[in-house]
Amino acid sequence: MPRTKTGIVRRRRHKKVLKRAKGFWGSRSKQYKMAFQTLLNAATYEYRDRRNKKRDYRRLWIQRINAGARLHGMNYSNFIAGLKLAGIDLNRKVLADIAAREPEAFAMLVENAKSAHSNKQAA
Numbered sequence: 147m148p149r150t151k152t153g154i155v156r157r158r159r160h161k162k163v164l165k166r167a168k169g170f171w172g173s174r175s176k177q178y179k180m181a182f183q184t185l186l187n188a189a190t191y192e193y194r195d196r197r198n199k200k201r202d203y204r205r206l207w208i209q210r211i212n213a214g215a216r217l218h219g220m221n222y223s224n225f226i227a228g229l230k231l232a233g234i235d236l237n238r239k240v241l242a243d244i245a246a247r248e249p250e251a252f253a254m255l256v257e258n259a260k261s262a263h264s265n266k267q268a269a
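The opening position of the sequence shown corresponds to residue 147 in my numbering, with each subsequent residue numbered one higher.
Below you can see the structure in the form of structure tokens.
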């Protein structure tokens with residue numbers, strides 16, 4: 147087999163890496179070796195943080211729902227339990243949005259949850 151030189155192939159590969167490393171600080175965006183090592187670390191952070199973002203949003207939604215429910219004299223866990231008993235199937239994202247943007251609609255949800263929760267306790 148004839149010998150193959152890497153001339154253009156290597157240059158293209160290096161250019162691809164350096165293009166992804168644009169905006170990194172100092173030699174991390176200029177030198178191939180540093181850029182490549184930095185991108186390897188960046189990839190682990192990207193992977194981890196795509197999962198952490200879901201966690202963070204869920205925590206935010208729960209805090210907003212809890213704040214809205216407490217304004218109407220109910221805590222988060224009893225509110226969610228009451229919604230389940232009342233057969234209201236809304237996810238936390240939608241509940242948090244309603245709590246923030248439409249307080250009167252959220253008040254109605256809290257009343258439904260309260261009545262369902264108190265009926266369960268009475269039984």
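Note that CB positions come from ideal geometry on N, CA and C, so glycine has one too.
Note that the structure is a prediction, hence the values are computed from the model and not measured.
Secondary structure at residue 149: coil, using DSSP grouped into helix, strand and coil. Taking 7 Å as the cut-off, the beta carbon of residue 215 is found closer than this to the beta carbon of residue 225. Rounded to whole angstroms, residue 187 and residue 163 show a C-alpha spacing of 13 Å.
A residue is called buried when at least 16 other Cβ atoms come within 10 angstroms of its Cβ; residue 169 does not meet this threshold and is exposed.
For the 7 Å CB-CB criterion, residue 167 and residue 173 do not form a contact. If you look at residue 234, you'll find it isn't in any alpha helix (DSSP H); DSSP assigns it neither H nor E.
A direct Cα-to-Cα measurement between residue 220 and residue 202 gives close to 23 Å.
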